[in-house]
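Contents: one structure, followed by commentary.
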Amino acid sequence: MAGHSKWANIKHKKERADAKRGKVFTRVIKEITVAAKLGGPDPETNPRLRLAMDKASDANMPKDTVKRAIQRGSGDLDGASYEEIRYEGYGAGGAAVIVDCMTDNRTRTVAEVRHAFSKHNGNLGTDGSVAFQFTHCGQFLFAPGTSEEAVMEAAIEAGADDVGTDDEGGIEVLCAPADFGVLKRALEAAGLKAEVAEITMRPNVETALGGEDGERMQKLIDALEDLDDVQQVYTNAVFEDQEST
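Counting in numbering that gives the first Met the number 0, the sequence shown tops out at residue 244, every number present.
Below, the structure is given as structure tokens:
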């Protein structure tokens with residue numbers, strides 16, 4: 000597993016996301032709506048919708064809310080029409096940033112994203128300027144103390160691409176995005192519950208940041224995540240000050 004501080008950094012990221020749970024419903028509803036629009040309303044034949052519904056379940060979203068989002072996406076109910084947009088740029092210390100958005104107003108979204116970058120010592124780049132530094136993949140992260148042997152056996156049998164550990168004992172499983180659902184079910188069937196299970200943009204090389212650069216980068220990420228149109232923020236920044244947390 001690349002990066003000796005991966006567990007601390009991902010745990011920190013998860014804790015911050017949990018603290019912003021009020022925004023989770025809005026983001027999951029958008030994801031369900033777009034997934035149903037692009038792939039149809041049946042989760043059995045639409046893996047992206049299945050994943051979005053799993054997120055809704057994890058967030059304890061009412062089933063009626065999920066149903067209405069699917070109906071809006073499939074055209075059975077009126078509602079806002081969202082489009083997906085990705086922005087790329089750089090933060091403090093040259094760390095790469097990818098910002099995935101869903102919006103019904105592209106002009107508003109790009110203005111807000113550009114403002115966040117410029118306010119926090121970053122630069123909005125062009126399409127493709129940093130995406131090559133990341134790999135689109137399924138990722139599962141298990142807490143230190145989890146049986147590596149059990150994870151490896153279940154993961155490899157289900158078609159995982161890689162299983163590794165970091166210096167803190169955290170276990171990471173990687174797979175192709177298309178295999179995420181199969182792997183998730185196989186791991187859960189083996190009694191293995193991941194702390195993080197998501198389809199993500201995983202950095203190929205990390206950029207270690209500490210001190211003022213780390214603080215500026217965290218402020219940029221927070222500012223982007225606070226925007227209503229932002230669904231997900233990815234970065235290759237590793238915050239050195241979190242290694243002992």
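We treat Cβ as the ideally placed atom computed from N, Cα and C, and that holds for glycine.
These numbers were taken from a predicted model, which means no experiment stands behind them.
Handout entry: Per DSSP, cross-strand counterpart(s) of F139
Key = Taking the first residue of the sequence shown as 1, we reach residue 139 at position 140. Looking at the DSSP assignment, F139 forms a beta bridge with V172 and A196.
Practice task
Have a look at A130 and L123 and give me their C-alpha separation to the nearest angstrom.
Solution key: Locating residue 130 in the sequence shown gives position 131, counting from the first residue. Locating residue 123 in the sequence shown gives position 124, counting from the first residue. Rounded to whole angstroms, A130 to L123 spans 13 angstroms at the Cα level.
Handout entry: Own chain residues within Cβ distance below 6 angstroms of L219, not counting five before or after
Key = Stepping through the sequence shown from its first residue, residue 219 is reached at position 220. Here the set comprises G90, H119 and G121.
Practice task
On a CA-only basis, which of D99, F133, A193 and F116 is nearest M151? Give me that one, please.
Solution key: Translated into positions along the sequence shown, residue 151 becomes position 152. Considering only alpha carbons, the answer is A193.
Problem - T108 beta carbon less than 8 angstroms from that of Y81 - result: Taking the first residue of the sequence shown as 1, we reach residue 81 at position 82. Taking the first residue of the sequence shown as 1, we reach residue 108 at position 109. No.
Handout entry: DSSP state of D178 mapped onto helix, strand, coil
Key = Numbered from its first residue, the sequence shown carries residue 178 at position 179. The answer is helix: DSSP assigns D178 an H, G or I state.
Exercise for the section: List the residues that DSSP assigns as beta-bridge partners of L226. Expected result: Start at 1 with the first residue of the sequence shown, and residue 226 comes out as number 227. Per DSSP, none; premise fails for L226.
Handout entry: Extent of the continuous alpha helix (DSSP H) run through G88
Key = Residue numbering aside, residue 88 sits at position 89 when the sequence shown is read from its first letter. Unbroken run through G88 is the beta strand (DSSP E), E82 to Y89; no alpha helix (DSSP H).
Handout entry: Between the CA atoms of T32 and F116 - distance to the nearest angstrom
Key = Residue mapping note: residue 116 aligns to position 117 of the sequence shown, counting from 1. Residue mapping note: residue 32 aligns to position 33 of the sequence shown, counting from 1. So the two alpha carbons sit approximately 28 angstroms from each other.
Practice task
To the nearest angstrom, report how far apart L37 and G210 are at their CA atoms.
Solution key: Taking the first residue of the sequence shown as position 1, residue 37 is located at position 38. Taking the first residue of the sequence shown as position 1, residue 210 is located at position 211. Cα-Cα distance, rounded: 43 angstroms.
Problem - Reduced DSSP secondary structure (H/G/I, E/B, other) of L208 - result: Numbered from 1 along the sequence shown, position 209 holds the residue referred to as residue 208. It is a strand residue.
Problem - Length of the line joining the Cα atoms of D63 and L191 - result: On the sequence shown, residue 63 is found 64 positions in, with the first residue counted as 1. On the sequence shown, residue 191 is found 192 positions in, with the first residue counted as 1. Between the alpha carbons of D63 and L191 lies a gap of roughly 29 angstroms.
Practice task
Answer yes or no: do M216 and A94 have a C-beta to C-beta separation smaller than 8 angstroms?
Solution key: In the sequence shown, residue 216 corresponds to position 217, counting from 1. In the sequence shown, residue 94 corresponds to position 95, counting from 1. Taking a C-beta distance under 8 angstroms as the contact criterion, M216 and A94 qualify as a contact pair.
Problem - Beta-carbon proximity check, C136 vs G158, cutoff 8 angstroms - result: Indexing the sequence shown from 1 puts residue 136 at position 137. Indexing the sequence shown from 1 puts residue 158 at position 159. Annotated as distal: C136 and G158, with beta-carbon spacing of 8 angstroms or more.
Exercise for the section: Whole angstroms is fine: what's the gap from T199's alpha carbon to L48's? Expected result: As a working mapping, residue 199 is identified with position 200 in the sequence shown. As a working mapping, residue 48 is identified with position 49 in the sequence shown. Going by the C-alpha atoms only, they are around 16 angstroms apart.
Exercise for the section: Look at the alpha carbon of D227 and the alpha carbon of M60, and state the distance between them as a whole number of angstroms. Expected result: As a working mapping, residue 227 is identified with position 228 in the sequence shown. As a working mapping, residue 60 is identified with position 61 in the sequence shown. Annotation: D227 to M60 spans about 18 angstroms, alpha carbon to alpha carbon.
Handout entry: Rounded separation between K54 and P176 - CA only
Key = For the purposes of this step, residue 54 is taken as the residue at position 55 of the sequence shown. For the purposes of this step, residue 176 is taken as the residue at position 177 of the sequence shown. Approximately 16 angstroms between the Cα atoms of the pair.
Practice task
Could you give the DSSP three-state label for M52: helix, strand or coil?
Solution key: Here residue 52 refers to the residue found at position 53 when the sequence shown is read from its first residue. Reduced to three states, the DSSP call for M52 is helix.
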